[in-house]
Each structure stands twice: as structure tokens, then as C-alpha cells.
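Visitor: Here it is, the structure, as C-alpha cells.
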Amino acid sequence: MANHQHHSAHHHAGNHQPRELVGTGNDDAQSPRHASQPPAESGTLYTCPMHPQIRQATPGNCPICGMSLEPVMPTLEEDNPELDDFSRRFWRTLPLTVIVTVLAMFGHQLNWLSMQAQSWVELVLSTPVVLWAGLPFFIRCWQSFRNRSPNMWTLIGLGTAAAYVYSVAATIAPQTFPDAFLSMGRVAVYFEAAVVIISLTLFGQMLELRARSQTSAAIKALLGLAPKTARRIDKDGTESDIPLSHVHEGDSLRVRPGEKVPVDGVVLEGTSLIDESMLTGEPLPVRKKVGDHVIGATMNTSGALVIQAEKVGAATVLSQIVQLVAQAQRSRAPMQRMADVVAGYFVVAVILVSIVTFFVWGLWGPDPGWVYGLVNAVAVLIIACPCALGLATPMSIMVATGRGATQGVLFRDAAAIEHMRKVTTLIVDKTGTLTEGRPTFDRAIGVQDYDSREVLRLAASLDQGSEHPLAAAIVAAAHEAGITLAEVTDFSSDSGIGVSGIVEGKRLTLGNTALMQARGVGTTVLDAQANDARASGASVMYLAVGERLAGILSVTDPVKTSTPEAVKSLQDMGIEIIMATGDGLATAKSVAKQLDISEVHGEVTPQDKLDLVAKLQSQGHIVAMAGDGINDAPALAKADVGIAMGTGTDVAMSSAQVTLVKGDLRGIAIARRLSTKTIINMKQNLGFAFIYNGLGVPVAAGLLYPVSGLLLSPMIAALAMSLSSASVVFNALRLRKQV
Numbered sequence: 001m002a003n004h005q006h007h008s009a010h011h012h013a014g015n016h017q018p019r020e021l022v023g024t025g026n027d028d029a030q031s032p033r034h035a036s037q038p039p040a041e042s043g044t045l046y047t048c049p050m051h052p053q054i055r056q057a058t059p060g061n062c063p064i065c066g067m068s069l070e071p072v073m074p075t076l077e078e079d080n081p082e083l084d085d086f087s088r089r090f091w092r093t094l095p096l097t098v099i100v101t102v103l104a105m106f107g108h109q110l111n112w113l114s115m116q117a118q119s120w121v122e123l124v125l126s127t128p129v130v131l132w133a134g135l136p137f138f139i140r141c142w143q144s145f146r147n148r149s150p151n152m153w154t155l156i157g158l159g160t161a162a163a164y165v166y167s168v169a170a171t172i173a174p175q176t177f178p179d180a181f182l183s184m185g186r187v188a189v190y191f192e193a194a195v196v197i198i199s200l201t202l203f204g205q206m207l208e209l210r211a212r213s214q215t216s217a218a219i220k221a222l223l224g225l226a227p228k229t230a231r232r233i234d235k236d237g238t239e240s241d242i243p244l245s246h247v248h249e250g251d252s253l254r255v256r257p258g259e260k261v262p263v264d265g266v267v268l269e270g271t272s273l274i275d276e277s278m279l280t281g282e283p284l285p286v287r288k289k290v291g292d293h294v295i296g297a298t299m300n301t302s303g304a305l306v307i308q309a310e311k312v313g314a315a316t317v318l319s320q321i322v323q324l325v326a327q328a329q330r331s332r333a334p335m336q337r338m339a340d341v342v343a344g345y346f347v348v349a350v351i352l353v354s355i356v357t358f359f360v361w362g363l364w365g366p367d368p369g370w371v372y373g374l375v376n377a378v379a380v381l382i383i384a385c386p387c388a389l390g391l392a393t394p395m396s397i398m399v400a401t402g403r404g405a406t407q408g409v410l411f412r413d414a415a416a417i418e419h420m421r422k423v424t425t426l427i428v429d430k431t432g433t434l435t436e437g438r439p440t441f442d443r444a445i446g447v448q449d450y451d452s453r454e455v456l457r458l459a460a461s462l463d464q465g466s467e468h469p470l471a472a473a474i475v476a477a478a479h480e481a482g483i484t485l486a487e488v489t490d491f492s493s494d495s496g497i498g499v500s501g502i503v504e505g506k507r508l509t510l511g512n513t514a515l516m517q518a519r520g521v522g523t524t525v526l527d528a529q530a531n532d533a534r535a536s537g538a539s540v541m542y543l544a545v546g547e548r549l550a551g552i553l554s555v556t557d558p559v560k561t562s563t564p565e566a567v568k569s570l571q572d573m574g575i576e577i578i579m580a581t582g583d584g585l586a587t588a589k590s591v592a593k594q595l596d597i598s599e600v601h602g603e604v605t606p607q608d609k610l611d612l613v614a615k616l617q618s619q620g621h622i623v624a625m626a627g628d629g630i631n632d633a634p635a636l637a638k639a640d641v642g643i644a645m646g647t648g649t650d651v652a653m654s655s656a657q658v659t660l661v662k663g664d665l666r667g668i669a670i671a672r673r674l675s676t677k678t679i680i681n682m683k684q685n686l687g688f689a690f691i692y693n694g695l696g697v698p699v700a701a702g703l704l705y706p707v708s709g710l711l712l713s714p715m716i717a718a719l720a721m722s723l724s725s726a727s728v729v730f731n732a733l734r735l736r737k738q739v
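For what it's worth, the UniProt record's numbering labels the leading residue of the sequence shown as 1, then goes sequentially.
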């Protein structure tokens, strides 16, 4: 599994310079200055869910939005110090909030205290709530001013401070206030508004923090798959159980029935059925025999195996999947950039609206006008918190990428999720994409003085230097036949249409008809046999010695059992499927006929695939490209969405935006459905946030008062603000059950 880490190399100058920040993923011009590479892996890194360019080595608050930072890579330990801190502050001060609220609402009816004395009691009881329970909010409010980054905490801090400071002044020095501020025998105080806002905001944060921890449940589930120990077989034959971290490449490990495979490796002894469903989503166990590769964390269901460790630690498929999912969850969706820009201006606009509200009520409102002005100004500040707007897309992305990972579909970033639903045309490679990618040698036919065994010997000698699956089949067939291979020198791969090199002093060329024509080699003498092989779906390669044809070799590669279903489901979604392969056109057409694919391009080079993608894009198509080899990498990178088979090469996977762990095209249909559902979910969240703020601010400002006499209490505003953020997170969590 390739390490898909592509860090932005762009540096943005900005006003926010609170500390050294590190950028990764897709950043926009609104982000603070940041370096282009993350720091070295030294302990846990913390990042902001809404601003993934923020990276630091210690927990804290985001300098842009004030949100609490969380680990870049979740751990299995349920450790959430901020949730614990907020819960403690909430529960310890809740009784005080209740008492102050009851006093404010019913104190004048009970006649226990004079109204002036009641103000002093409310002051004493409110002060611990505001100054201790609300302290984190005021710190974040101050940081937003210091960093010149207005956010939700700017509004909460200003609103709460305004209500509290005014009430303290009204209690301590009531004689300084004009008569317009008098209400029920005292200068009106609003301690209950301050304490209720703080308690409800704490409660909302607790709900949000709990819900946010669920968005990384998929990564935690993946982390939990890895076994804790492995059974190592030492060189003297003794066996011992060792921690997984002590396993090294090359170690021999025993995997007994019912145990998990500890690391990625190759089978040395035994056969068994391996359940890979936790990583690939494929329910049927896969038979493994000597020489087959196994993936760490998959379940050995029946036989006993001895494997040799090939990849350990961060290099295993499981670790790479976890890293890729974590990276995708922290990336920015293009849709989010609009929300970020809006939120930045929105906070400033709300502060101005709040000030205007205060003066309009004070100057022209009914008595006591200035009291009404203060209350409504505070309500505007509180209800307009843009937290729901900021959370709208990151929460959906986190849930969607986690859900995809459990079904064997890995998105590299949020943009890939957004683009996948728009795809109109899918270009697919044949070998390893539509077919098994594990071709088997069929036969060799010699011409003139070359017999079939000599043709196989020369071709296999030349193919020792190639990574192509067809080459591997020819080399394996030669070994099975007991043929000793010669050394190859000056080996070169000719752009996905063949290979050439020097074997025993002769220049050999092995490839398709296009390569033979380019080298001036006539093929007509064996065209009839070649066409017969192609008609049955076999791939045919010509072997030339110098400029003279020596023979042909045919290799069969059966269509994957899942491919017909996958092709049909994609066509039902309205996606046009085009096959583009380096194989001969007759072979490609034979496979395409089985799958009901109408457009086929055979004997194409990597450049041809790239040109095909560009041509379709110029015609207005949104193009996805699915492939698994080095020769597919340029087209994968050029396509609107590149889709790599997880069974393919690292080069292909590092060029793609989507990786299918199983290498099964049905994963594309899953990715498409997930993309569609995720965008709907994001739009729901954004729409809810915009409507909520759009309606809430005018009501809080008192625009409906002249018509209906309706005013919005700051306490109701605080409740609505808390519930809006929580509702966005819970709506995003619904994605886990939708796909």
C-alpha cells in the first residue's frame, strides 16, 4: 500500500500568527501561514477538525475557530480531557444556574428578599458560574481578538460579558443608572441570562464532543483489528509469543486456526481460508496457499499457516489504510471553503447588527428601551454563533471516509468524495482491473527454427525484468517446465506495449503488433493462430529475435467473477464505461463482449490513455480512470477521479484519489453511492446552518416585536445555538447507516 501523503507546498501569508502551524491537505487562502511539511513523528500531533492546517504537539484550542484540537491519529484509549473538564464545570455549577434562574423568574412573587438584596444574591451565585465555568470561553474569546480571527467564541464571550458586567454595575452602583433602567423597584439585572448561556453552551459542547468522538469510530475499529501478539518461530525451531512491535521483516510466524494474521507476509507452509472482510468488505473467505500473500489483521479461519513477515509496523496494509483514512478525514472539502469565508464575515456582521440593535432599542424602543436593547443585543450575539456552519462539512467527511474504509473504499481527500458523484465516464484498464490480474500461461508457438520450448525460454529470460502480470505468468511457466533462464541485459520497457533486452548476445523484443510494426518485424505468418487465441479472450505477445519473428505466446486472464455485476450497476447509474488496454484489440473486444462494454481501445500506450482522458474532458465529460499498473499512473493523475486497484502497484495508488482495497470494481459503485449521500448530507447541514442563522438573527434583534410582540430571550438563543451544533453532528452520523 502506497503512502498517500501529498502535502500542500503553497505558503499563505495571513494575519494569524499565534504559533508555528503546519499545513497539510488542501488549504485555502484563508488559512494562517504554515510550513509545507508536517513535523517529524514524535508523539501525538493535534489538529482542528475544521482547520486541518493547524498542527501542534500539545492539546489546546484552534487559533482560527477556537475549537478544541484533537489527535490527528485517534487512539483506542477513550481519553478526552476537554469533555471531562467541561462536564465537571457543567455539573458543579448547574445548581447555581438553576437557583439564579428561579430567583430571577419568581423572586419578586415570593417576597423573601428586597429586590436590591436579591440582586446581590444573584451576583454572589452567578460569579462562580461566569468566572470559573465560563473561563474557557472567555480565554477563547480573547484569543480570537489576539489572533484577529473572529469566531463563535467572540460572540459568546462578548454576549456573556455584556450581560454579566452590566448586571454587576447595576447591582453595585444602581444610582448611576437613569430611571429608564428601573424595573420592579430595582435596576434590571440579567445574571440569569449570563449563567444560562454558559451552562447551555457547556452542555452543547459536551454533546458535540461526544458526537465528534463517534466520527472517528471507523479508525478506532480499524486500529482494534490488529492483534497484540505474534507467534514467532526462531531459527532453532522453538516458538514464542512476542509483542507485535517486536516482529521484524523476514521473521517466520505461525498463524493457528482462529487467530489473526499478525503482519503482511507470504505463506511459507500450509493452506487455509482467510477472512479479509474487515479490510475489503468481501464476505467470502479467500483460499491461501504457499507463495500467496496475506494481509495483517485478517482472520485465519481453518488451516494452520507459517508465514514470512514482509511488511511490519507503519508499512502494513492496515497501517496505510488507517493513515489514509485519517488524512482524508482532515482534508478540506471544496464546499467548506465557501462556508469558511461566509463565517469569517458573518461574525463581524453580527457584532455590527448587535451594536445597531442596542442603540435602536435604546433610542426608539418602548421603556425600558436600553434594557431591551441590551437583552436583544446579547440574544443576537449568542444565536448567531457560526459553529454549525463550520462543522457542517467536516463532520460529514469524517463519517463518510470512515464508512468507506470499512467497505474497502479509501478516499485520499474530501475533494475526491465531492467529485465522485459527478463522474459521467469511467475508463477501465483490462488486466488486473476487469480481469483477475493473475494470468496463466496458455501456450507458445514457434516459427521456422524456433520450437515452442525455445520461444518460452527466450521470452521468460527477457521478462525477468518486467513487473507486468503477463510477464510473471510467462516466467512462472518456464520455471514449472524446468527451463533454465538466461541473463538479460540492457532491459527496457516500451511504454506499456512490450519489452526489449539483450539475451545471449541477441536483441529480443516481446510485445504487441504495434511494437512489432515499430521495429519492422513482419507478423503475418502467425496472424491466424494469434487471432484464434484472441477470439477466446487470451492476450497474445509476439517474440522477435533481432528483426525476425520467432513466435507467439498466449496468456489467459479470466474476468473477475465480480466484474459483470459491477459493470452493470455502474451502467445503471448512468456511467459510460470505456475499456482502454495495452492488449490486442481482438482480445479486448472478446472481454468487452462478455461484459457488454461497447467502446474499446486496444494496444494503447500510457500516452494514448492520457490523451483519451484529455479528449473526453475537453468534450465536457467528468472522467474517472480505474487501473492498477505503472502504465496507468499518468492517466490516473490526469483524470477527474483516479481509482487504483489495491492489488496493483504503489505508483498507481499514489497517483489515484480513490483506492479499492480489494481491487474489485464493485467498490466504484459503493464510492459513487457514498459520494452522493455525503454531498446530500453536507448540503443538509449547510442549509440548516444558513437557515438557522438567517432566521435567528432578525428574531433575536426584535424585528418581529412591532408585529407580534415576540422577543427572543438570550437563554432560548443559547439553547438553540447549542442544539444547532449538536444536530449537525448527529445528522452527519446518520451516514454510517445510509450506505
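Heads up, the beta-carbon is just placed ideally off N, CA and C, and yes, glycines get one too.
Only a predicted model underlies this, so the values are computations on that prediction, with no experimental measurement involved.
What does a CB cutoff of less than 6 Å around D292 pick up in its chain, not counting 5 residues either side in sequence?
Guide: V267
Visitor: Suppose the cutoff is 8 Å on Cβ atoms and the five residues either side in sequence are ignored; what does the same chain contact list for S536 look like?
Guide: T556 and S590
Visitor: Might you give, ordered along the chain, the residues of its own chain that have their beta carbon closer than 7 Å to the beta carbon of P564, omitting 5 neighbours on each side?
Guide: Hits under 7 Å: L595.
Visitor: Closer than 8 Å is the cut-off here; do at least three beta carbon pairs connect the region 672 to 683 with the region 412 to 425?
Guide: yes
Visitor: So, under 8 Å CB-CB, L253 and A297 are touching, yes? Tell me the CB distance rounded to an integer number of Å.
Guide: About 13 Å separates the two Cβ atoms, so there is no contact after all.
Visitor: What are the start and end residues of each continuous beta strand (DSSP E) run of 3 or more residues lying completely inside the region 656 to 701, in chain order?
Guide: 658 to 660
Visitor: Please go through the same chain and pick out, in chain order, the residues whose beta-carbon is closer than 7 Å to the beta-carbon of Y450, but skip the five residues on each side of it.
Guide: A550 and G551
Visitor: Tell me which residue opens and which closes the alpha helix (DSSP H) that G159 is part of.
Guide: M152 to I172
Visitor: Can you list the alpha helix (DSSP H) stretches of 4 or more residues lying completely in the region 191 to 251, in chain order?
Guide: 191 to 215 and 217 to 225
Visitor: Over what stretch of residues does the beta strand (DSSP E) that includes T509 continue unbroken?
Guide: K506 to G511
Visitor: From the DSSP output, in three-state form, read off Q607 for me.
Guide: helix
Visitor: Given a cut-off of 9 Å on the beta-carbon distance, is the pair residue 740 and V641 in contact?
Guide: The first residue shown for the chain is 1 and the last is 739, placing residue 740 beyond what the model contains.
Visitor: Measuring straight from C-alpha to C-alpha, what distance separates A230 and F346?
Guide: Each residue's Cα considered, the two are about 55 Å apart.
Visitor: Of all the options A528, T127, N693 and T406, which has the alpha carbon lying nearest to the alpha carbon of I445?
Guide: A528
Visitor: Where does Q56 fall in DSSP's three states?
Guide: strand
Visitor: Using 8 Å as the Cβ pair cut-off and three pairs as the minimum, do the region 161 to 173 and the region 359 to 368 touch?
Guide: no
Visitor: For the alpha helix (DSSP H) containing Q116, list its first residue and its last residue.
Guide: M115 to P128
Visitor: In three-state terms, what does DSSP make of R92?
Guide: helix
Visitor: By the DSSP assignment, the beta strand (DSSP E) with F491 in it spans what residues?
Guide: V488 to S493
Visitor: Is it buried or exposed for K593, if we count other Cβ within 10 angstroms and need 16 for buried?
Guide: exposed
Visitor: Going straight from the alpha carbon of H606 to that of L207, what length do you get?
Guide: Note that residue 606 corresponds to Pro in the displayed sequence, not to His. Cα to Cα, the separation comes out at about 52 Å.
Visitor: Taking the continuous alpha helix (DSSP H) assigned at M420, which residues delimit it?
Guide: A414 to M420
Visitor: State yes or no: is the C-beta of L570 within less than 9 Å of the C-beta of I427?
Guide: no
Visitor: When DSSP labels each residue in this structure, what does M645 get in the three-state scheme?
Guide: DSSP places M645 within a strand segment (E or B) once states are collapsed to three.
Visitor: Helix, strand or coil: which one does DSSP assign to V312?
Guide: coil
Visitor: Which residue's Cα is closest to the Cα of V455: V72, R548 and V129?
Guide: Taking each of V72, R548 and V129 in turn and checking the Cα distance to V455, the smallest one comes out for R548.
Visitor: Output the distance between the C-alpha atoms of W370 and A392, rounded to the nearest integer angstrom.
Guide: 36 Å
Visitor: What does R443 pair with, by DSSP beta-bridge criteria?
Guide: S554
Visitor: Who are the Cβ neighbours of Y705 in its own chain at under 7 Å, not counting the five residues just before and after it?
Guide: L711
Visitor: Return the Cβ separation of V545 and L665 in integer angstroms, given the expectation that the two are a contact with Cβ distance under 8 Å.
Guide: Contact flag wrong, Cβ pair sits at about 39 Å.
Visitor: Helix, strand or coil, according to DSSP, for G501 in the structure here?
Guide: strand
Visitor: Are the beta-carbon atoms of I355 and A377 separated by less than 9 Å?
Guide: yes
Visitor: Check each candidate in I351, S724, I139 and M115 and name the one with the smallest Cα separation from G60.
Guide: I139
Visitor: Find the nearest neighbour of F441 within the set K430, A477, K422 and T431, judged by alpha-carbon distance.
Guide: Checked all of K430, A477, K422 and T431; the closest Cα to F441 is A477.
Visitor: DSSP puts N300 in a beta bridge; with which residues?
Guide: I274
Visitor: Does the separation of the CB atoms of K609 and A635 fall below 9 Å?
Guide: Contact flag set, yes.
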